[in-house]
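Student:
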Amino acid sequence: MDFNISKIPQKELVKGIKGRYIHTENTTIGFIDIEKGAILPAHSHFHEQTTQIISGKLEMTIDGITKILEPGTITIIPSNIVHSAIAITKCVLTDTFYPIREDYK
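Quick note on numbering: the sequence shown equals residues 1 to 105 in full-length UniProt numbering.
#1: DSSP state of K7, grouped into three classes?
#2: Just to confirm, is the Cβ distance from residue 117 to I74 under 8 Å?
#3: Report the rounded CA-to-CA distance for I32 versus I54, giving the unit in angstroms.
#4: Rounded to the nearest angstrom, what separates V82 and K11 at their Cα positions?
#5: Let's see if you can read the secondary structure: which residues bound the beta strand (DSSP E) around K67?
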């Protein structure tokens, strides 16, 4: 099965953060656009998550540790760990979740 990412409808997660999602049998993959200054509030979920920065700079706090993520960086967010983010610049990233994010369907 093939997808054209640009043709997948965007969902606004919070103000300034929009994603396009595909779902496999076991995972959800998100293609995320974040406006400069957008804030992802602290939250957690039972899904394991990886975040790969494609472009931009993202300040991310995971389990109380804050880091600046830049292109080429991939970070792992374990299940049920509190995390948040602030876009230092406009960002493009790819999130992968296991298991599927039913709430993103």
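The C-beta atom is built at its ideal place from N, Cα and C for all residues, glycine as well.
Tutor: According to the structure data:
#1: For the purposes of this step, residue 7 is taken as residue 7 along the sequence shown, with counting starting at 1. In the three-state reduction of the DSSP assignment, K7 falls in the helix class, which pools H, G and I.
#2: Nothing about residue 117 can be reported from this structure: the residues present for the chain run from 1 to 105 only.
#3: Mapped onto the sequence shown, residue 32 falls at position 32. Mapped onto the sequence shown, residue 54 falls at position 54. It is roughly 10 Å from the alpha-carbon of I32 to the alpha-carbon of I54.
#4: Position 82 of the sequence shown, counted from the start, is the residue given in the question as residue 82. Position 11 of the sequence shown, counted from the start, is the residue given in the question as residue 11. If you take the alpha carbons of V82 and K11, they lie about 22 Å apart.
#5: To locate residue 67, count along the sequence shown from 1; it is residue 67. K67 -> beta strand (DSSP E) spans I65 to L69.
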